[in-house]
Amino acid sequence: MTCRILYWLKQLLKGLVLSFSFFMVCGAGCSDFSEKVGNGYYYHRINSIDQIIAPKRWNDTTPIIPAKVVVYKITGRYVAAKREVIKEGKHVSEMLTGKYDFWILDTLKPEVFGPMDKRDFDIQISKLGLS
Numbered sequence: 123m124t125c126r127i128l129y130w131l132k133q134l135l136k137g138l139v140l141s142f143s144f145f146m147v148c149g150a151g152c153s154d155f156s157e158k159v160g161n162g163y164y165y166h167r168i169n170s171i172d173q174i175i176a177p178k179r180w181n182d183t184t185p186i187i188p189a190k191v192v193v194y195k196i197t198g199r200y201v202a203a204k205r206e207v208i209k210e211g212k213h214v215s216e217m218l219t220g221k222y223d224f225w226i227l228d229t230l231k232p233e234v235f236g237p238m239d240k241r242d243f244d245i246q247i248s249k250l251g252l253s
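In this note's numbering, the protein residues as written are 123 to 253.
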């Protein structure tokens with residue numbers, strides 16, 4: 123009987139160690155990444171809110187598409203993005219507004235157009251010949 127208990131405890135300990143190791147490797151930051159969009163710009167997914175399009179290093183004068191980018195499309199030197207408008211808050215549920223705006227980033231100049239509503243976005247897309 124003692125051997126079975128020891129065997130069971132050993133198996134339990136192995137399971138806990140494996141679970142803890144998996145959490146440490148693929149825990150909270152597992153889905154954070156950067157993806158190249160062109161000309162030194164990247165889509166950075168820092169967390170569930172901070173999803174931006176910017177160079178690896180930037181400052182207040184660098185043209186970027188701020189958080190929260192929900193979808194983007196690359197067309198040559200341009201990146202068009204739909205962004206959920208966020209507000210200050212302590213919890214994610216307080217920050218999300220359910221409102222969206224649109225942005226276009228020229229990664230070559232660099233220059234950013236936005237925020238825009240859907241109508242102005244469509245007009246800018248036509249002006250740039252991206253439709």
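C-beta: ideal position from N, C-alpha, C; glycine also. From a predicted model like this one, the values you see are computed outputs, not experimental measurements.
Nearest-angstrom Cβ-Cβ length linking residue i and residue j, presumed shorter than 8 angstroms
i: residue 162; j: residue 196; result: With 8 angstroms as the limit, residue 162 and residue 196 do not qualify as a contact, their Cβ atoms being about 13 angstroms apart.
i: residue 174; j: residue 191; result: 6 angstroms
i: residue 214; j: residue 204; result: That belief does not hold up - the Cβ atoms of residue 214 and residue 204 are roughly 19 angstroms apart, past 8 angstroms.
Boundaries (first-last residue) of the beta strand (DSSP E) holding residue i
i: residue 253; result: Per DSSP, residue 253 belongs to no beta strand (DSSP E) and is neither H nor E.
i: residue 158; result: 155 to 160
i: residue 167; result: 163 to 167
i: residue 174; result: 173 to 177
Residue i (DSSP reduced to helix, strand or coil)
i: residue 240; result: helix
i: residue 247; result: helix
i: residue 189; result: coil
i: residue 228; result: strand
i: residue 145; result: Note that residue 145 scores 49 on pLDDT, short of 50, meaning its location in the model is unreliable; the coordinates nonetheless yield the value given after this. Correct three-state label for residue 145: helix.
Between the CA atoms of residue j and residue i - distance to the nearest angstrom
i: residue 254; j: residue 226; result: The structure shown has nothing for residue 254, since the chain only spans 123 to 253.
i: residue 245; j: residue 224; result: 12 angstroms
i: residue 171; j: residue 249; result: 31 angstroms
i: residue 206; j: residue 232; result: 22 angstroms
i: residue 189; j: residue 176; result: 10 angstroms
i: residue 252; j: residue 216; result: 35 angstroms
Whole beta strand (DSSP E) elements within the stretch 196 to 223, 3-residue minimum: Complete beta strand (DSSP E) runs here, min 3: 200 to 208.
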